[in-house]
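Residue numbers (our numbering): 16 to 511.
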């Protein structure tokens, strides 16, 4: 009996010892300096920085005929891009994590902002490709689903509009300051204005689907304008202000992309010249020859661009001879330069002007238009350091009085929409990403010269990585949308 007791006690001791060792091993394997959970406010700051910089860069500037390349052929300039990327899903993982952490703590403000950023990224994804993973996306960690199905573009757009509506409702109940917010300083009411302005932007983008009852863009647009808060001035702009600190500087500061081969497109310069638009003086430099001749900064004839549909070596010769303007030095030499505006008052008012012209709302289209244009000038008066006198309020007022600019100088709906979209385009240098190109696709305005007038690029091809890791689902998406051809000339649902 004593022997049995000794054996039993021995096994108990061994069990306790092993159990204790396992706990110690678990403790050793947990990094005390790396938390497995975090407050969502720390994720929010990173998410905001990424989102406001996500679609910066020169790609859209080539497609929108704002800049030209003189030392090679840029695929964006000739509408010959190929595959896009799914990098946005990387940013969306941070958004997903923020929502998860907020749900653990029942923090409705961060859940609301998470819904906004989900809508923002998924909108850009679906506009880039067409159908994309949405309902099953970002569930690899929780559900081990690494091959999500593709949702139809219509379902994605219906879904993100619903998420934005939910975000607006949640934000209407938030009274506390939102920690970690570097855009609005934690003010929920400001975020609510942005959410609703973004809803208007999406709905107007879907104007080709006005007859679709599931989207109902006209009715939803009208309801938002009549009953929800919106931007009331430029101070409401959703903007990221840059700081002269490492990691916080303007994205194009010291950028090598503005090297010797990049110049201004004659398309953009001529439109500014034809309209006597003083924003020309704060965006670009005089040509070297004009500067040498002593022409003033505000002399419209001191600026010239390169022809985007001529061979790049011809444009290079013109530039070498000192007859092509470049982008203003402030974009590369000023670490703070101008804020990055995700969506602002100027764009919102021009969207409202288009809605009034289309009969979606009862407001005065001329007033919305004038406010939008003036806000565009005011932005540069505020942030184009040392150049604000060229774009002050008096100059903006005189600009709007011109028959070539005034909205009431034209009579038809199409003519008015053309003028409104021209102003959206002119205000979007380094600010609008691809929005003006999508306006061009849905309306034809503004028009762009093309070496091949019959070639239209409506989307990007899916990433090669999807063919490698999610082949069945991407193939199904291509088959359902484009009869099996993943090409940039195929129209996605929103344009059909």
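Idealized CB from N, CA, C, for every residue including glycine.
Check	Outcome
DSSP bridge partner residues for residue 277 (one or two, in chain order)	84
Cβ-Cβ separation, residue 215 to residue 239 (assumed contact under 8 angstroms), whole Å	6 angstroms
Rounded Cβ spacing between residue 472 and residue 96 (contact assumed at less than 8 angstroms)	7 angstroms
Spatial distance of residue 79 from residue 127 (CA atoms)	33 angstroms
Exposure label - residue 470; buried when at least 16 CB within 10 Å	exposed
Delimiting residues of the alpha helix (DSSP H) encompassing residue 400	No alpha helix (DSSP H) holds residue 400; DSSP gives it neither H nor E.
Own chain partners of residue 130 with C-beta closer than 6 angstroms, once the 5 adjacent residues on each side are dropped	178, 181 and 182
Short Cβ contact (7 angstroms threshold) for residue 313 with residue 299	no
Segment contact flag, the stretch 415-432 with the stretch 267-276, C-beta cutoff 8 angstroms, min 3 pairs	no
Rounded distance between the beta-carbons of residue 320 and residue 520, thought under 8 angstroms	A question about residue 520 goes unanswered here, because the residues of the chain that appear run from 16 up to 511.
Meets three-Cβ-pair contact criterion under 8 angstroms: the stretch 473-490 and the stretch 99-115	yes
Beta strand (DSSP E) segment containing residue 356, residue limits	355-358
Boundaries of the beta strand (DSSP E) in which residue 215 is found, first to last residue	Taken as a continuous stretch (DSSP letters only), residue 215 belongs to no beta strand (DSSP E), being part of the alpha helix (DSSP H) at 203-220.
Backbone CA spacing between residue 445 and residue 347 [nearest angstrom]	12 angstroms
Integer-rounded CB distance, given that residue 241 should sit under 8 angstroms from residue 375	In fact, because the Cβ distance is near 11 angstroms, the residues do not count as touching under 8 angstroms.
Start and end residues, alpha helix (DSSP H) containing residue 152	It is not in any alpha helix (DSSP H) - residue 152 carries neither H nor E in the DSSP assignment.
Outcome for residue 333 when other beta-carbon atoms lying within 10 angstroms are tallied against a minimum of 16	buried
Whether residue 194 touches residue 56 by CB criterion (7 angstroms)	yes
Exposure label - residue 499; buried when at least 16 CB within 10 Å	exposed
Three-state secondary structure assigned by DSSP to residue 12	The first residue shown for the chain is 16 and the last is 511, placing residue 12 beyond what the model contains.
7 angstroms Cβ cutoff met for residue 223 and residue 457	yes
Endpoints, the beta strand (DSSP E) within which residue 494 is located	First-last for residue 494: 486-497, but that is the alpha helix (DSSP H), not the beta strand (DSSP E).
Neighbourhood of residue 246 by C-beta distance below 6 angstroms, restricted to the same chain and skipping five residues each side	208, 212, 360 and 363
Between the CA atoms of residue 62 and residue 36 - distance to the nearest angstrom	Confidence at residue 36 is low in this model, with a pLDDT of 42, below 50, so the placement of that residue is unreliable and no value is reported for it.
Every unbroken alpha helix (DSSP H) inside the stretch 288-315 [4 residues or more]	295-298 and 303-307
Secondary structure of residue 321, DSSP reduced to three states	strand
Closest by C-alpha distance to residue 133, when choosing among 144, 121 and 149	149
Stretch pair the stretch 134-149 + the stretch 477-493: three plus CB contacts closer than 8 angstroms	yes
C-alpha distance - residue 174 paired with residue 151, whole-angstrom precision	12 angstroms
Secondary structure, alpha helix (DSSP H): runs of 4+ residues fully inside the stretch 59-108	74-78
Exposed unless 16 or more other CB atoms sit within 10 angstroms - verdict on residue 161	exposed
Proximity to residue 349 [Cα-Cα], best of 507, 256 and 105	256
Straight-line gap, residue 317 to residue 120 (C-alpha atoms, nearest Å)	60 angstroms
Three-state secondary structure assigned by DSSP to residue 170	helix
DSSP bridge partner residues for residue 255 (one or two, in chain order)	355
Coarse secondary structure for residue 342, derived from DSSP in three states	strand
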